[in-house]
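Here's the structure we're looking at; comments come further down.
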Amino acid sequence: MVEEEAKSLPMELSEKGGVENNGFVQNEAFDDKETDTSSQEEMPKTCIIDADPGAMEEPVLKPYAGMPKEVLLKFSSQARYRVTREILFWLIIAAAVVLVCATIAIIALSPKCLDWWQASPIYQIYPRSFKDSDKDGNGDLKGIQEKLDHITYLNIKTIWITSFYKSPLKDLGYGAEDFYDVDPMFGSMSDFENLLAAIHDRGLKVIMDLIPNHTSDKHWWFQLSRNRTGKYTDYYVWQNCTQAAGSVTPPNNWVSVFGNSSWQFDDVREQCYFHQFGKEQPDLNFRSPAVQQEIHDIIKFWLGKGIDGFSFSTVKFLLEATHLRDEPQVNKTQNPETITAYSQLYHDYTTTQVGMHDIIRSFRQTMNQFSREPGRYRFMGSDGDEKEDIEATMMYYGTTFIQEADFPFNFNLINMKNLSGDSIFEAVNLWMNNMPAGKWPNWVVGSPNAARISSRIGKEYVNVINMLLLTLPGTPVTYYGEEIGMENIASENVSKVHINSEPVTFPEKSPMQWDGKANAGFTEGNSSWLPVNSDYQSVNVEIQMTWSNSTLNLYRELTLLRNNELPIHRGWMCYVWNDRNVFVYVRELDGLDRVFMMVLNFGQESTIDLKAIVPTLPPEATIRLSTDFSNSGKAIDTKQIKTKMGEGLVLEYKTAKPVHTMEAFKGNCFVAEKACYSSAFNLLYMNC
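The sequence shown begins at 1 in full-length UniProt numbering and counts up one residue at a time.
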């Protein structure tokens, strides 16, 4: 009976059908009542289960989707899976290590990025002459804010605003009555804060003037000092002097910059106070720690407002010798009683005294407290123009270990006595050859205290001077109006300001010429504080924007070139040639085969064979920019480069042998922030 049932069992299962499971199911019973036959593949017709259990083969397990952990562990321990897993693990670790090392290497090898004061030209504004917003004939802070679009149009990102502190304006604002306030002529503190916000909203930076050497005689410090009130008694330099029959006998022969004795008798204190400039500008006593602290507090106040840097002026006058000896005469045979001019003495005891640089470095340390925030470095420039003493000027850079100014402003191009290719070379080489290693150069071609380019050297040279300014290495400084070629106004039309009872004119401070309307668009009032130049209808911003060959458009193209081309932005500069007519130099970058060569004419018409001077020059170069826009884009024969008087060319060519690698030019090449270009990775690195 049992045998019959066992024999019939295969037949019954075969008729019902069975399930073939190619995987492995643990502890699952098959219930054909729950099987949805409509959604499953057709089941096999037979399932042999009457075989001898000992003879049955164990099912072969294969991986499948959705395996439970127990099954997964069976396969993961197999060599082919374990080895693969370990290989992938170590590959990921190695890739992470390589990525970290590559990042460290890129950071270590990358050159220092140029800071904002290095990357952009600086545009200097004399606020009283830039733009009048309230029709009183005087430029003001709101006027500057109205014209910020002009700054961005020039591709400039740094503005330098000269002194606008509250002042009696005896010397046009350089003697402050209150370092913590804005002179009402220029607006209010609220106007300044609005201007500052507008400048920063445009991604621009702003530098202010600070003249710490002296104050106005209207300053409350001076009023307290002349009355011998508390700590203010010694805030200024006082000395006994005698007065008899209306005549004062000063302590020594020291003469002010503006002429005549630098000592002025004060009736209230009955002593003489010292003034290096006008008698309305008494010198502060920087041997007093309290005075030094006052200046530090002023620096903190304006940096706290959000300004981006200071230009410290007249700093070489901060200290005087305490022994009060007479200064040596230039002409030993001159009668000492006749000395009245500043140029008649050697100023050994009233300028650049021991301890002066320590004071400036302390200003730097205070500014550094505000430079800790990323991206908010505070710039410090100094007016360290020592004229004939270039080594003394270079000391304002500081030392390898002690930081001072980021740079002293370079007036070599203003101080030239004559114009030629040779004199330009000498002015440039004097700075580059003496600048401490690792420091950054700068170039100034105009200022509120010097004649404009057009008036100083001739309007035919304005464009080539701007081309020089914007293609030399370092930071260029442009005085407002030089971008359109403004000239001095005629002296007979200038209102005279009296300093030390002497009339002084300021023809280089005439109002900015914006358009051809009345008063050149400077003011909508009836008149301006100084007359507008009579050429304003042809020399103004509005009309030059429409002329393709204008001074303004050339200036703008040059700033674009400087901003966009790495060799000009931060590359090598090598002198190639100079003579009485032309000055030629190249700008190159290691790793980049494109070279820019500047051929600038500061004399008469000239033809030069540059191929003979630089044998690796290609036969032809392309004129990338020219003072004559019609020449731009043309090819030029490097064996015969012709330039007219005042013409400038920016040539572009490719070479595998840059000038700075040639032995013949090694002593003629300079680089400030060295960088090398990798064309494979399109990045800059340091170690070439």
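We put the beta carbon where it would ideally sit given N, CA and C, even for glycine.
- Linking Asn-687 to Leu-345 through their CA atoms gives a straight-line distance of about 50 Å.
- Of Ala-290, Ile-92 and Pro-511, the smallest CA-CA separation from Lys-131 is found for Pro-511.
- Beta-bridge pairing by DSSP links Pro-168 to no other residue.
- The continuous stretches of alpha helix (DSSP H) do not include Leu-649, which lies in the beta strand (DSSP E) extending over residues 648-654.
- Excluding five sequence positions before and after Glu-391, the CB atoms of its chain that fall closer than 7 Å to its own CB belong to Asn-434, given in chain order.
- In the structure shown, Val-71 adopts helical secondary structure according to DSSP, grouped into three states.
- By the neighbour-count criterion, in which a residue is buried when 16 or more other Cβ atoms sit within 10 angstroms of its Cβ, Glu-327 is buried.
- The way I'd put it, the stretch 426-441 doesn't touch the stretch 517-537; fewer than three beta-carbon pairs between them come closer than 8 Å.
- Relative to the Cα of Asp-149, the nearest Cα in the group Cys-574, Val-428, Glu-542 and Leu-610 belongs to Glu-542.
- Comparing C-alpha distances from Phe-310 to each of Phe-277, Glu-404 and Ile-489 shows the shortest one belongs to Glu-404.
- When the Cα atoms are used, Leu-566 and Gln-145 turn out to be separated by approximately 31 Å.
- Membership of Lys-300 in any beta strand (DSSP E) is not indicated; the residue belongs instead to the alpha helix (DSSP H) covering 289-305.
- Asp-201 and Ile-207 have their alpha carbons spaced roughly 16 Å apart.
- Here Val-595 is buried. Its C-beta has 16 or more other C-beta atoms within 10 Å.
- As a beta-bridge residue in DSSP terms, Glu-620 pairs with Asp-637.
- Residue range 379-382 is occupied by the beta strand (DSSP E) that includes Gly-381.
- Counting C-beta pairs with one atom in each stretch, the stretch 548-556 and the stretch 621-629 have three or more that are closer than 8 Å, which means they touch.
- No Cβ-Cβ contact shorter than 8 Å links Asn-540 with Asp-579.
- For Ala-244, the enclosing beta strand (DSSP E) covers residues 242-244.
- The DSSP assignment places complete beta strand (DSSP E) segments of no fewer than 3 residues inside the stretch 473-561 at 475-479, 497-499 and 502-504, in order along the chain.
- Per DSSP, the continuous alpha helix (DSSP H) segment holding Asn-368 begins and ends at 356-368.
- When DSSP assignments are scanned along the stretch 119-186, the uninterrupted stretches of beta strand (DSSP E) that are 3 or more residues long and fall wholly within it turn out to be 122-125, 158-161 and 178-182.
- In this structure, the straight-line span from the alpha carbon of Ile-339 to that of Gln-604 is close to 42 Å.
- In this structure Asn-601 touches Thr-643 by the C-beta definition: roughly 4 Å separates them, less than 8 Å.
- Your pair Tyr-397 and Pro-436 checks out as a contact, with CB atoms roughly 5 Å apart and the cut at 8 Å.
- Rounded to the nearest whole angstrom, the C-alpha separation of Met-486 and Pro-251 is 45 Å.
- Leaving aside the five residues that flank Phe-411 on each side, the residues in its chain whose CB is nearer than 6 Å to its CB run, in chain order, Asp-385 and Val-444.
- Counting along the chain, Ser-423 sits inside no beta strand (DSSP E); it lies in the alpha helix (DSSP H) bounded by residues 421-434.
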